[in-house]
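Be aware that the sequence shown starts at 1, since it is given in full-length UniProt numbering, and climbs by one per residue.
Heads up, the beta-carbon is just placed ideally off N, CA and C, and yes, glycines get one too.
Since the structure is predicted, the reported quantities are computational estimates derived from the model, not experimental observations.
Scroll down for the structure; my scribbles are underneath it.
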Amino acid sequence: MKAVVFHGIGDIRLDDVADPKLKEPTDAIIKLTASAICGTDLHMIRGTMPGMKPGTILGHEGVGIIEQLGKDVRNFNVGDRVVICSTIGCGNCSYCRAGYYAQCNDANPNGPDAGTAFFGGPAMTGPFDGMQAEKARIPFAAVTMVKVPDGVTDDQAILVSDIFPTGYFGAEMAEIKPGDTVAVFGCGPVGLFAIVSAKLMGAGRIFAIDSHEDRLALAKAQGAEVINFEEEDPVETLKRFTGGIGVDRAIDAVGVDAQHAHHGPAAKKAKAEKPEFKREVEMVAPKQKPDGDNWVPGDGPSQAAQWAVQGLAKAGTLSIIGVYPQTMNAFPIGEAMNKNLTLRMGNCNHRKYIPKLLELVRSGTVDPTAILSHVKSMASAIDAYRNFDLRKPGWVKVELEPGVTLQ
């Protein structure tokens, strides 16, 4: 079968690989009908998430048809259409039972202290082959798969595999209450869904911070007040719009590949911090392999987190859903502590949220496809990766159709 395979930092290829097989009685094999490219995939290719094993199939988002079931998977039938949870949970351990599927004690073969297990990730996450392929093996399938309701399309369901739940998780962790003022840093797919989720939770005002006009336009279409950090200082603007107080809740939906400002008033502060940003980049991405403008790590790893802390009101809440590697140790802890901020962060517990969000989609409450910008054949996956990595105008979220060939 065809699959997008990681060969090294800056090196991904569309390869012919062996079809997956059942390994455990709790496994399933699915034929994928939709996959997607995520910003987390880019971290591995840029080198800001280390430890990738060459030969690993990328991708942690999937929708498909069940082809085979292990004998201990009793809640599905061959032929069912399912969405796959990006993070893997056993469903039995104390963490899964408490809803912390991303911290499952048993899913990660590296042991309970290894942390989150997810598809298409570094060695410390499994590794498990991902879903940018024609077929995939799904471990702990009774829990890791969710049946797609009638009336929900593949285009809708693929967005519920990871990015909608992650945005919702971020908004929930931010403790948003009706009337709250919220700032979302990063208007990529997850940030956009954090805006959608903040609205669902009754936020009074939502500010969206980014530098790409197409993404800011999508945020504005969702009802957010937009701030371009290349044109104005985002912290000063947030303070001005909130009477000098700051926002009640902030969501960092950017992570380690954050960019600092290169123009405008915020660029002056970034210039003063350039030596520290350079140290951070060397810390989180000691190995890099850019190809022209592709696969270049962000130049301000802690920038989004800094702005979020600075833009929050005293006693506010910061929710971090942007991905940071374990090698990242820069954070304005002193400023956060002295403002009595509450910090909440982590990997999304997808299985906790997917059933609820699928129902919101089925009922028409939310149509997630407003954020889907491109549907591409698996045969054009590498070109799609390059365009998405460059954040070319209009390239916001890319769905891949496994098994579909170019005409």
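{"Asked": "Length of the line joining the Cα atoms of N387 and I66", "Found": "31 Å"}
{"Asked": "T181 versus D41, I251, S377, residue with shortest Cα-Cα distance", "Found": "I251"}
{"Asked": "Cβ neighbour criterion (16 or more within 10 Å) applied to P54", "Found": "exposed"}
{"Asked": "In DSSP terms, what N294 is bridged to", "Found": "D291"}
{"Asked": "Whole alpha helix (DSSP H) elements within the segment 121 to 156, 4-residue minimum", "Found": "141 to 144"}
{"Asked": "Among G70, V17, M131, the one whose alpha carbon lies nearest that of D41", "Found": "M131"}
{"Asked": "Whole-number beta carbon distance between T48 and P297, since they are thought to touch under 8 Å", "Found": "5 Å"}
{"Asked": "Environment of D389 [buried if 16+ CB atoms lie within 10 Å]", "Found": "buried"}
{"Asked": "Residue span of the alpha helix (DSSP H) that contains H43, given as start and end", "Found": "39 to 46"}
{"Asked": "Delimiting residues of the beta strand (DSSP E) encompassing N228", "Found": "225 to 228"}
{"Asked": "Beta-ladder partner(s) of M400, from DSSP", "Found": "The amino acid at residue 400 is misidentified as Met; the sequence shows Leu. Note: L400 sits in a beta bridge opposite S35, K376."}
{"Asked": "Buried or exposed (CB count within 10 angstroms, at least 16 for buried), Q326", "Found": "exposed"}
{"Asked": "For V361, the first and last residue of its enclosing beta strand (DSSP E)", "Found": "No beta strand (DSSP E) contains V361, which is instead part of the alpha helix (DSSP H) from 350 to 362."}
{"Asked": "Cβ contact (3+ pairs, closer than 8 Å) linking the segment 167 to 179 and the segment 225 to 244", "Found": "no"}
{"Asked": "CA nearest to the CA of L318, picked from P20, F185, F118", "Found": "F185"}
{"Asked": "For A183, the first and last residue of its enclosing alpha helix (DSSP H)", "Found": "Per DSSP, A183 belongs to no alpha helix (DSSP H); it is in the beta strand (DSSP E), 181 to 185."}
{"Asked": "Touch test, the segment 256 to 275 against the segment 297 to 315, Cβ-Cβ under 8 Å, three pairs minimum", "Found": "yes"}
{"Asked": "Simplified DSSP state of F388, which is helix, strand or coil", "Found": "helix"}
{"Asked": "Identified DSSP bridge partners for R344", "Found": "S319"}
{"Asked": "Beta strand (DSSP E) runs wholly inside the segment 42 to 82, at least 3 long, in chain order", "Found": "62 to 69"}
{"Asked": "G403 versus G62 - alpha carbon distance", "Found": "13 Å"}
{"Asked": "When K21, I371, E399 are compared against D383, the one with the closest alpha-carbon", "Found": "E399"}
{"Asked": "Cβ neighbour criterion (16 or more within 10 Å) applied to M337", "Found": "exposed"}
{"Asked": "Beta carbon of A114 nearer than 7 Å to that of A107", "Found": "no"}
{"Asked": "Complete runs of the beta strand (DSSP E) confined to the segment 195 to 235 [at least 3 residues]", "Found": "205 to 210, 225 to 228"}
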